[in-house]
Amino acid sequence: MSDEEIQTLDRPAGSHQPPRQAAREEAAGRTAAAATPHATAQPTWLGPVLIVGIVLAALNLRPAITSLGALFEETRTGLGMSGTVAGLITSVPALCFAVFGVTAPRLSRRFGPAAVVCAGMAAVAAGLLIRPFTSGAAGFLAASALSLAGIALTNVLLPVIVKRYFPDRVGTMTGLYSMALAAGTSLAAAATVPLTGALGGSWRAGLLIWAVLALVAVLPWVPVARASRRAERAATAAAASGAGTAVRADAGPRVVRSRTAWALACYFGLQATGAYITMGWLPQIFRDAGVSASTAGVLLAVTMVMGVPLAFVIPGLAARMKNQGAIAAVLGVFGLTGYLGLYFAPAAGAWAWALLLGISNCAFPLVITLIGLRAKSPAGVVKLSAFAQSTGYLISIPGPLLIGALYQHSGGWDLPLALMAGLLVPQIALGILAGRDRTIEDECGMRD
């Protein structure tokens, strides 16, 4: 399969791009092809299987977390967890995403991104298979960490896979897997309790069911990883025989020197802070305002479901724009309006505030799209993705804990809501900086 055939996979009939954007994305495609052994011929099945693999991987990036959230009280009681251990488990996801995400570039250079994603999905499945059978909190925490490590690697490398195999369809493919990620998050949150009841009421069975989805996600990545390794060996052999030019797999900019990389990392951290606060505390805000527990749960589901269609729309829109700062600003304004509504009339406008916060939380697919747009090469994308996500998740860790402490100390939501709204101001500013039309390679003085 030629470069042109690879790049036209999944392109809708009659699709049209503005001339400036088409030229920029064509140049990006040529850069990606030059920087990777995947510019060599590939089997015709690779593109469709990759699309299936990307969607299945994205579906599995959050059920390990949200399924546990739905059954957390039952799990805590069943394992005899103390309050301290329970609090530790709730903070583990962001910590694992930060710690294990840092290892993704090194593993990708050694084994290739497709092989690492395959191993990551296997780790997710193994952790989900093991943790329902653990008898204590320590074993449960270790199994959860195994799944979260696999999720962390996949988080970082999916943008790299998109950039490498679909260099001129970054927006479409990012939108596709962002939509799948949002769908998996909502599905696990909404379906875990009913499935648990249908399976006899055991929290262990309710958590185990999500291992099946993870096992299915491994399947398409096995042939993709094998094809990737064959292509890399062929490229290496061609370079050794003088038939091609060797390219360092670790070539790429030093992202810590890039202002755009830092803006992306901090923007990622603040949007993740808002998302975790929303998922963790929004139902309690509504319940304290007099909304029933069942309605509060539905309102949270509404907030999360908003990410499904918008996660597909926003990346495609962002990829067509020269500067994406306006999208970041609009999303931030929606969030500010939602928090102000919760401050002044939490029960009266509950449905409106839930919708507005759901729109605001779609900053996640935007920042993932920006990672693909702000680097020219797969090597740059993997470094930028690891840096932005690892740094961002570290930034997000204190947020939910701080909100909880302020709520307990003040006895109400006025002060926490003021802080939530205040954090959106620097988030908007950072989104505008990250959305500027520049790449980290340009900022670090690297040539194509």
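199 is the number that my numbering gives to position 207 of the sequence shown; each next residue is one higher, with no gaps.
We put the CB at the ideal spot given by N, CA and C, even for glycine.
This one's a predicted model, so the numbers in the text were calculated from it and none came from an experiment.
The C-beta separation of I306 from C354 comes to about 6 Å, placing the pair in contact by the 8 Å criterion. Taking A118 as the centre and dropping the five residues before and after it, the same chain places the C-beta of L138 closer than 7 Å to its C-beta, in chain order.
DSSP places N147 in the helix class (H, G or I) of the three-state scheme.
In this structure, the CA atom of A281 is about 6 Å from the CA atom of P338. Per the coordinates, the alpha-carbon of G142 lies some 8 Å from the alpha-carbon of V109.
Taken in chain order, the stretch 308 to 377 contains no complete beta strand (DSSP E) segment of 3 residues or longer.
Comparing alpha-carbon positions, the option among V214, S83, T95, A267 lying closest to T177 turns out to be A267. When the five nearest sequence neighbours on each side are left out, no beta carbon in the same chain lies closer than 6 Å to the beta carbon of A134. Between L262 and Q419, the C-beta gap is smaller than 7 Å, which places the two residues in contact.
R222 sits in a helix when the DSSP states are folded into three classes. Under the criterion of beta carbons closer than 8 Å, T361 and L348 do not qualify as touching, at roughly 21 Å. Counted as a single uninterrupted DSSP element, the alpha helix (DSSP H) harbouring Q276 occupies residues 251 to 280.
For R68, the CB contacts under 6 Å within the same chain, skipping 5 residues up- and downstream, are A78 in chain order. When secondary structure is reduced to three states using DSSP, R196 falls in the helix class. Where T188 is concerned, the enclosing alpha helix (DSSP H) starts and stops at 162 to 190. For D429, the secondary structure class from DSSP, reduced to helix, strand or coil, is coil. Taking a cut-off of 8 Å on C-beta distances, the stretch 196 to 210 does not touch the stretch 391 to 403, as fewer than three cross pairs fall below it. When secondary structure is reduced to three states using DSSP, V94 falls in the coil class, being assigned neither helix nor strand. Within a 10 Å sphere around the beta-carbon of K314 sit fewer than 16 other beta-carbons, which makes this residue exposed. When the five nearest sequence neighbours on each side are left out, the beta carbons in the same chain lying within less than 6 Å of the beta carbon of A129 are those of L71, M73, V77, in order along the chain. A distance below 6 Å between beta-carbons, with the five flanking residues on each side excluded, links L191 to the following residues of its chain, in chain order: A197.
Look at P124 here: in three-state DSSP terms it is helix. Selection M412, T166, G163 evaluated against I277 yields M412 as nearest (Cα-Cα). The C-beta distance from V374 to A96 rounds to 7 Å, short enough to fall under 8 Å. The alpha-carbon separation between F326 and E224 amounts to approximately 46 Å. At a Cβ-Cβ threshold of 7 Å, F89 and Y385 count as neighbours. Ranked by Cα distance from R221, the first of R366, G61, R101, S388 is R101.
For M296, the enclosing alpha helix (DSSP H) starts and ends at 285 to 297. Separation of I269 and G427 (C-alpha to C-alpha, rounded to the nearest whole angstrom) is 24 Å.
Taking 7 Å as the cut-off, the Cβ atoms of S59 and T188 do not count as close. Distance from the CA of R246 to the CA of E433, rounded to the nearest whole angstrom, comes to 9 Å. Rounded to the nearest angstrom, the gap between the Cα atoms of S352 and L323 is 5 Å. Rounded to whole angstroms, the gap between the alpha carbons of A311 and G403 is 44 Å.
Nearest neighbour of Y169 by Cα position, chosen from A293, E435, L51, turns out to be L51.
DSSP places M412 in the helix class (H, G or I) of the three-state scheme. Rounded to whole angstroms, the separation of the alpha carbons of P275 and S250 is 39 Å.
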